[in-house]
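See structure below.
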Amino acid sequence: MSVRDRLAEISPIGRDNVRGGYSRHLLDPAEMVLRGWFESSAEALGLSVEVDGNGNLWAWWGESRRGAVATGSHLDSVPGGGALDGPLGVVSALEAVAILKAEGWRPTRPIAVCAFAEEEGSRFGMPCLGSRLMVGEITPEDTLARVDRDGVTLEEAWRQAGLEVSTIGPDPDRLAGIDMFLELHVEQGLDLENRGLPLAVGSAIMAHGRWRLSILGEGNHAGTTPMQGRRDPVVAVSSAALAVREIAMERPAARGTVGRISVTPNGTNVIASRVDAWLDIRAHSDSEVRAQLDATVALIQKRVAAEGCALQVHEESFSPLVLFDEPLTARIAGVLGGVPAIPTGAGHDAGVLSAYVPSAMIFVRNPTGISHAPEETAREEDCEAGAHGLADVLRDLAGG
Ligand code: GLV
Ligand code: MN
Ligand code: MN
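Heads up, the sequence shown is in the numbering used here, so the first residue is 97 and it goes up one at a time.
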């Protein structure tokens, strides 16, 4: 097979006919089909598959569960996302194993291909849910009562998928068995396209966080309520979104985004009573993210109050700055022929794992530079180069 063939196998799964692209969310019907695909693809390679207590998928080459080189990514997407963010890393890991097996090569330490649960946080709001649970950064108490957009709790979704709820939580034994983690990912920018190179390794991930802003106003009739004295949270959230941009643009390389808004009750002829808006902030250090948040919230607070509304701020997640393991990254860059190391503004399970085990990333060129949108893409030859490069890296890391 090839990366192209493997991507073709999953390309019909979870297409979003309304938004375009893919909507594959934790344990939804599409993601369940992908889980089945992962299992059968891995078993066809002779790997033994298991689902860990946190819904992460593992496919093992080798008997031992100690000293493993783990590689993979995630199968879920953002709403209306691209085909590659997540799946490319999983597909490439499977293909790399296939390449090595076809050569008759055998690892001297176990190789695990993995797919982490809910990396995007699109269903239950916590990015890197599966890896954070595994390392113990979040607890079952933080997790089970989370609700999706339809009011389904994670606990209910878990049970409906036939998963065991009592196993959710820190998994120190599994973590102790992993010596290094490697995530191949489509690049989410134009750096490689601009350099004319197919592959790079990751140097760093920007610090980032997500907050839910709830703006409380007064619901009323759109026709009978005078314009003066309204307490309209939709007007307030509009000025809040402008505030997010104003503050971010004052800060070099900072990012501030409101990408999701929920209006209650969401009727054309109704002045809303409440708006929830999700704020995503990224910067080059944890303290810069915090400072940007404080400045943003202070400005939003003023604007919301000027509209007669009240503001509540709830932190959903915080991900500190990640600097990937330098020796591992340099070794991988060398195996790949001296590729450059580039930073990214996007979050990854490799970022979570990097606080616990040496971790690294390989990026594959993306000619549009677009991600989290249907236009995300990569050239076929770059994807195949990525899988062959990953095979070379696994041969180096798991063969010595
Ligand atoms: C995940 O891809 C993120 O960066 O939000
Ligand atoms: Mn993503
Ligand atoms: Mn991803």
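Backbone N, C-alpha and C fix where the C-beta goes; we use that ideal spot for every residue, glycine too. Source: prediction; values computed, not measured.
> Is it true that the CB of VAL174 sits closer than 9 Å to the CB of SER498?
Replying inline: Residue coverage of the chain in this structure runs from 97 to 496, which leaves residue 498 outside it and unanswerable.
> Are there 16 or more other CB atoms within 10 angstroms of the CB of MET230, so buried, or fewer, so exposed?
Replying inline: Residue 230 sits at position 134 when you count from the first residue of the sequence shown. By the neighbour-count rule (16 or more Cβ atoms within 10 Å), MET230 is buried.
> Is the closest heavy atom of ligand 1 to the C-beta of ASP376 under 8 Å?
Replying inline: Mapped onto the sequence shown, residue 376 falls at position 280. Because some heavy atom of ligand 1 lies under 8 Å away, the Cβ of ASP376 counts as near it: yes.
>> When you measure from the CB of GLU146 to every non-hydrogen atom of ligand 3, does any distance come out below 8 Å?
In response: Against the sequence shown, residue 146 aligns to sequence position 50. Flag unset: Cβ of GLU146 not near ligand 3.
> Applying the criterion that 16 or more other CB atoms from any shown protein chain within 10 Å of the CB defines a buried residue, is ASP328 buried or exposed?
Replying inline: Residue numbering aside, residue 328 sits at position 232 when the sequence shown is read from its first letter. Looking at its Cβ environment, which holds 16 or more other Cβ atoms inside 10 Å, ASP328 is buried.
> Rounded to whole angstroms, how far is the Cβ of VAL393 from the Cβ of VAL371, which I believe are closer than 8 Å?
Replying inline: The residue you call residue 393 lines up with position 297 of the sequence shown. The residue you call residue 371 lines up with position 275 of the sequence shown. Taking a contact as a CB-CB distance under 8 Å, the pair VAL393 and VAL371 does not count as one, their CB atoms being some 15 Å apart.
> According to DSSP, which residues form a beta bridge with HIS304?
Replying inline: As a position in the sequence shown, residue 304 is number 208, starting the count at 1. Per DSSP, ARG378 and SER415.
> For the beta strand (DSSP E) that contains SER144, what are its first and last residues?
Replying inline: If you number the sequence shown from 1, residue 144 lands on position 48. Unbroken beta strand (DSSP E) run through SER144: 144-147.
> Within 10 angstroms of its Cβ, does GLY168 collect 16 or more other Cβ (buried), or is it exposed?
Replying inline: Numbered from 1 along the sequence shown, position 72 holds the residue referred to as residue 168. With 16 or more other CB atoms across the displayed protein chains lying within 10 angstroms of its CB, GLY168 is buried.
> So what's GLY298 in DSSP terms, helix, strand or just coil?
Replying inline: Here residue 298 corresponds to residue number 202 of the sequence shown, with the count starting at 1. Three-state result, GLY298: strand.
> Who are the near neighbours of THR464 in its chain, counting only those whose CB is closer than 6 Å to its CB and skipping five residues on each side?
Replying inline: Stepping through the sequence shown from its first residue, residue 464 is reached at position 368. Result list for THR464: GLU471 and THR473, in chain order.
>> Using a Cβ-Cβ cutoff of less than 6 Å, which residues in the same chain neighbour TRP254 once the five nearest sequence positions on both sides are dropped?
In response: On the sequence shown, position 158 is the one that residue 254 refers to. Only residues of its own chain outside the window of five on either side were considered, and among them VAL261 have a CB closer than 6 Å to the CB of TRP254, listed in chain order.
> Can you list every residue whose CB sits closer than 6 Å to some heavy atom of ligand 1, going in chain order?
Replying inline: Answer in sequence order: GLU216, PRO223, ALA442 and GLY443.
> Considering only the beta carbon of each residue, do LEU432 and LEU225 sit closer than 9 Å?
Replying inline: The count along the sequence shown starts at 1 and reaches residue 432 at position 336. The count along the sequence shown starts at 1 and reaches residue 225 at position 129. Not in contact: LEU432 and LEU225 (Cβ atoms no closer than 9 Å).
> So, is MET457 buried or exposed, given that buried needs 16 or more other C-beta atoms within 10 angstroms?
Replying inline: For the purposes of this step, residue 457 is identified with residue 361 of the sequence shown, where counting begins at 1. Per the 10 Å Cβ criterion, buried.
> For the 8 Å Cβ check, are there 3 or more pairs between the stretch 100-107 and the stretch 475-487?
Replying inline: These segments touch.
>> Rounded to the nearest angstrom, what separates SER144 and ARG427 at their Cα positions?
In response: By one-based count along the sequence shown, residue 144 stands at place 48. By one-based count along the sequence shown, residue 427 stands at place 331. If you take the alpha carbons of SER144 and ARG427, they lie about 28 Å apart.
> If you run the structure through DSSP and keep just helix, strand and coil, what is ALA388?
Replying inline: Position 292 of the sequence shown, counting from 1, holds the residue named residue 388. Reading off the sequence shown, one finds Gln at residue 388, where the question assumed Ala. Per DSSP, reduced to three states, the secondary structure at GLN388 is helical.
> Identify the residues that DSSP records as bridge partners of ILE458: which are they?
Replying inline: Along the sequence shown, read from residue 1 onward, the residue named residue 458 stands at position 362. Looking at the DSSP output, ILE458 sits in a beta bridge with LEU280 and VAL297.
> DSSP three-state call for PRO236: helix, strand or coil?
Replying inline: For the purposes of this step, residue 236 is taken as the residue at position 140 of the sequence shown. In the structure shown, PRO236 sits in a helix (DSSP, three-state: H, G or I).
> Do GLY441 and GLN284 come within 9 Å of each other at the CB atom, strictly closer than that value?
Replying inline: Here residue 284 refers to the residue found at position 188 when the sequence shown is read from its first residue. Here residue 441 refers to the residue found at position 345 when the sequence shown is read from its first residue. Contact flag set, yes.
>> Using only Cβ atoms and a threshold of 5 Å, which residues come within that distance of a heavy atom of ligand 3? Order them by chain position.
In response: The set of residues with any CB-heavy atom separation to ligand 3 below 5 Å comprises, in chain order, ASP181 and GLY182.
>> Which complete beta strand (DSSP E) runs does the stretch 341-372 hold, if anything under 3 residues is left out?
In response: Complete beta strand (DSSP E) runs here, min 3: 351-360.
>> For ALA368 and LYS398, what's the separation of their Cα atoms in angstroms?
In response: Numbered from 1 along the sequence shown, position 272 holds the residue referred to as residue 368. Numbered from 1 along the sequence shown, position 302 holds the residue referred to as residue 398. Cα to Cα, ALA368 sits roughly 20 Å from LYS398.
>> Residues in the same chain with beta-carbon distance under 6 Å from ARG161, minus the five sequence neighbours each way, listed in chain order, please.
In response: Taking the sequence shown and counting its residues from 1, the one referred to as residue 161 is at position 65. Excluding sequence neighbours, ARG161 sits near GLY273.
> Can you tell me whether DSSP reads CYS210 as helix, strand or coil?
Replying inline: Indexing the sequence shown from 1 puts residue 210 at position 114. Note: CYS210 maps to strand in three-state DSSP.
> At what residue ranges does the stretch 155-194 contain a whole run of the beta strand (DSSP E), taking only runs of 3 or more?
Replying inline: Fully enclosed beta strand (DSSP E) runs of 3 or longer: 164-170.
>> If I measure Cβ to Cβ from ASP488 and keep anything under 6 Å in the same chain, skipping five residues before and after, which residues do I get?
In response: Taking the sequence shown and counting its residues from 1, the one referred to as residue 488 is at position 392. Non-local C-beta neighbours of ASP488 in its own chain, meaning closer than 6 Å and more than five positions away in sequence, comprise VAL431, ordered along the chain.
> Are ALA318 and THR364 closer than 9 Å when you measure CB to CB?
Replying inline: Indexing the sequence shown from 1 puts residue 318 at position 222. Indexing the sequence shown from 1 puts residue 364 at position 268. Yes.
> So is the beta-carbon of GLY132 under 8 Å away from any non-hydrogen atom of ligand 2?
Replying inline: Numbered from 1 along the sequence shown, position 36 holds the residue referred to as residue 132. No; taking the cut-off as 8 Å, the Cβ of GLY132 has no heavy atom of ligand 2 nearer than that.
>> Given this structure, state the Cα-to-Cα distance separating ALA211 from VAL165, to the nearest angstrom.
In response: In the sequence shown, residue 211 corresponds to position 115, counting from 1. In the sequence shown, residue 165 corresponds to position 69, counting from 1. When rounded, the distance between both Cα atoms is 14 Å.
> With respect to the alpha helix (DSSP H) encompassing PRO125, which residues constitute its N-terminal and C-terminal limits?
Replying inline: The residue you call residue 125 lines up with position 29 of the sequence shown. PRO125 -> alpha helix (DSSP H) spans 125-140.
>> DSSP three-state label for PRO72, please.
In response: Absent from the structure is residue 72, since the part of the chain shown begins at 97 and ends at 496.
> Should VAL418 be listed as close to ligand 2, given that the test is whether its C-beta is under 8 Å from any heavy atom?
Replying inline: Residue mapping note: residue 418 aligns to position 322 of the sequence shown, counting from 1. The answer is no for VAL418.
> LEU312 and CYS405 look like a contact to me (Cβ under 8 Å); what is the Cβ gap, rounded to whole Å?
Replying inline: Numbered from its first residue, the sequence shown carries residue 312 at position 216. Numbered from its first residue, the sequence shown carries residue 405 at position 309. Right, the Cβ-Cβ distance comes to about 6 Å (below 8 Å), so this counts as a contact.
> Between VAL359 and ASP421, what straight-line distance do the alpha-carbon atoms span, to the nearest angstrom?
Replying inline: In the sequence shown, the residue the question calls residue 359 occupies position 263. In the sequence shown, the residue the question calls residue 421 occupies position 325. Going by the C-alpha atoms only, they are around 43 Å apart.
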